Amino acid sequence: MVASIGYAAAQAKAPLGPFSFERREPGANDVMIEIKYCGVCHSDLHQVRDEWGGSVFPMVPGHEIVGKIVKVGSAVKDFKVGETAGVGCMVDSCRSCASCAEGLEQYCEKGFTGTYGAKERTGSGITFGGYSNNIVVDRAFVLHVSDKLELSAVAPLLCAGITTYSPLRHWKVSKGQKVGIVGLGGLGHMAVKLAHAFGAKVVLFTTSDGKSEDAKRLGADEVVLSKDPAQMKKHLRSFDFILDTVSAPHDLNAYLALLKREGTMTLLGVPPAAPSLNIANLIFKRAQLAGSLIGGIKETQEMLDFCAEHGITSDVEVIPMNKINEAYERMLKSDVKYRFVIDMSTLHA
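Take any residue in the sequence shown, note its place counting from 1, add 107, and you have its number in the working numbering.
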């Protein structure tokens, strides 16, 4: 077994603190990574506080992982010791269902194995995530990471990056299209950058008066204050695609009215209650309301390569490990631009 250290929550709503544990010894198909940085996702907070139910404790969160490979199994040919690698939201899947066969492991019909808080498919252990000094993962779920970009700013691409890239690619966002992004948080700021890189005209929707300058710096061509009916009315029936990154309750009908005929609005956030929909907004334009969940391994690698080619990273605030509980409280107040990332060199036994 591999001795490991990290930060864990002992029980629901408990603060995270130092935690010693063991990982499996790397097998023939495994890659062992010394973690350099791990991003902090809002879902980490939800899981630690058991807000979705079913959380397993003790829990070591973290699924935006980048670091250096320190060991590879005897059957691993595509990764080498010393290379930079990443691990995202999944570390396994059934690998036999139709979704897995198509490289869509995130939709595994038997459920993918999460990077933390999930039952391992082999053995009886529970997965521990990236708020730790190392991780051992089957090579099929390890990703190549370019050394061209600042590694701390690459980490959030493993969740926020792929979560926004996948729907933009799936619905074929391209040059000349008009694309709306709802919300400018951890997901929204990546969506703006990526949609801009795809060549679309990007319009950010926000409820905050002060986000216009930053949105334009990130790549937005226009910013609309969504609480201003006059500003919203100007964009009726004009959007090819709208990507909604907001989890808080809000009126979806206001945005569905902005879609062109056969336009699509895709949801990434999960609101606490089911929304009320005016179905006429869909029927009379043959419009679509859809959802999307991260991306498969092949597409995640494609996203990382695209970001390396275009110089795209997340805007981050790097924190020491012992500031994670403070970071959670700040995240609840949206007091971060736009993603916290933990420097694992600050993790000590």
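Each residue gets a CB set at the ideal place from its N, CA and C atoms; glycine is no exception.
For clarity, every value in this text was computed on a predicted model and none was experimentally measured.
Supposed close pair residue i, residue j - CB separation, criterion 8 Å
| i | j | result |
| --- | --- | --- |
| PHE164 | ALA119 | 7 Å |
| ILE349 | ASN240 | With a Cβ gap of about 41 Å, ILE349 and ASN240 do not count as contacting. |
| VAL173 | LEU258 | 5 Å |
| ASP254 | ASP137 | With a Cβ gap of about 23 Å, ASP254 and ASP137 do not count as contacting. |
| TYR144 | ASP351 | Their Cβ separation, rounded to whole angstroms, is 28 Å, which puts TYR144 and ASP351 out of contact at 8 Å. |
| LEU343 | LEU365 | 6 Å |
| LEU530 | GLY193 | As displayed, the chain neither begins before 108 nor continues past 456, which places residue 530 out of reach and without an answer. |
| GLY237 | LYS405 | Going by Cβ atoms, the distance from GLY237 to LYS405 rounds to 21 Å, so no, they are not a contact pair. |
| LYS178 | MET139 | 4 Å |
| ALA304 | ILE419 | 6 Å |
| TYR445 | HIS277 | Going by Cβ atoms, the distance from TYR445 to HIS277 rounds to 23 Å, so no, they are not a contact pair. |
Residue i, buried or exposed, once every other Cβ within 10 Å from all chains shown has been counted against 16
| i | result |
| --- | --- |
| TRP159 | exposed |
| LYS285 | buried |
| ALA302 | buried |
| ASP442 | exposed |
| ASP151 | buried |
| VAL309 | buried |
| ASP347 | buried |
| VAL155 | buried |
| VAL377 | exposed |
| LYS300 | buried |
| GLY113 | buried |
| CYS416 | Reading the sequence as shown, one finds Glu at residue 416 and not Cys. Exposed, since its Cβ has fewer than 16 Cβ neighbours within 10 Å. |
| ARG324 | exposed |
| MET108 | exposed |
Residue i - DSSP class collapsed to helix/strand/coil
| i | result |
| --- | --- |
| VAL95 | Absent from the structure is residue 95, since the part of the chain shown begins at 108 and ends at 456. |
| GLU212 | helix |
| PHE447 | strand |
| THR314 | coil |
| SER273 | helix |
| ASN240 | coil |
| MET197 | strand |
| ALA182 | coil |
| SER127 | strand |
| LYS226 | strand |
| GLU190 | coil |
| THR220 | strand |
| SER441 | coil |
| GLU424 | strand |
| SER231 | coil |
| ASP335 | coil |
| SER57 | No information on residue 57 is available, as it lies outside the stretch 108 to 456 that the chain covers here. |
| SER203 | coil |
| ALA322 | helix |
| LYS88 | There is simply no residue 88 to check, as the chain begins at 108 and stops at 456 in what is shown. |
| ALA307 | coil |
| ALA434 | helix |
* Asked: Of all the alpha helix (DSSP H) runs that stay within the bounds of the region 386-420, which reach a length of 4 or more residues?
  -> Complete alpha helix (DSSP H) runs here, min 4: 387-390 and 404-417.
* Asked: Does the region 368-379 come within contact of the region 214-227, defined as at least 3 CB pairs closer than 8 Å?
  -> No, because fewer than three Cβ pairs between the region 368-379 and the region 214-227 fall closer than 8 Å, the two stretches do not touch.
* Pick out the complete alpha helix (DSSP H) segments inside the region 337-387, 4 residues or longer, and give them in chain order. => Taken in chain order, the whole alpha helix (DSSP H) runs of length 4 or more contained in the region 337-387 are 360-363.
* Would you call the region 403-416 and the region 430-447 touching, i.e. three or more CB-CB distances under 8 Å? -> Segments in contact, no.
* Inter-stretch contact at 8 Å, needing at least 3 Cβ pairs: the region 308-315 / the region 385-404 -> Too few Cβ pairs lie closer than 8 Å, so no.
* **Completely contained alpha helix (DSSP H) runs for the region 139-173, where each covers 4 or more residues** => Counting only unbroken stretches of 4 or more residues, the alpha helix (DSSP H) elements lying wholly within the region 139-173 are 149-155, in sequence order.
* To do: With a floor of 4 residues, list each alpha helix (DSSP H) that falls wholly inside the region 246-304, ordered by position along the chain.
  => Counting whole runs of 4 or more residues, the region 246-304 contains the alpha helix (DSSP H) stretches 258-261, 267-277 and 293-304.
* Decide if the region 200-209 is in contact with the region 166-180; the criterion is three or more beta carbon pairs, one per stretch, under 8 Å apart. => They do not touch, by the three-pair rule.
* Kindly confirm or deny that the region 223-236 and the region 257-276 touch, where touching means at least three C-beta pairs closer than 8 Å. => Fewer than three Cβ pairs drawn from the region 223-236 and the region 257-276 lie within less than 8 Å of each other, which leaves the two stretches out of contact.
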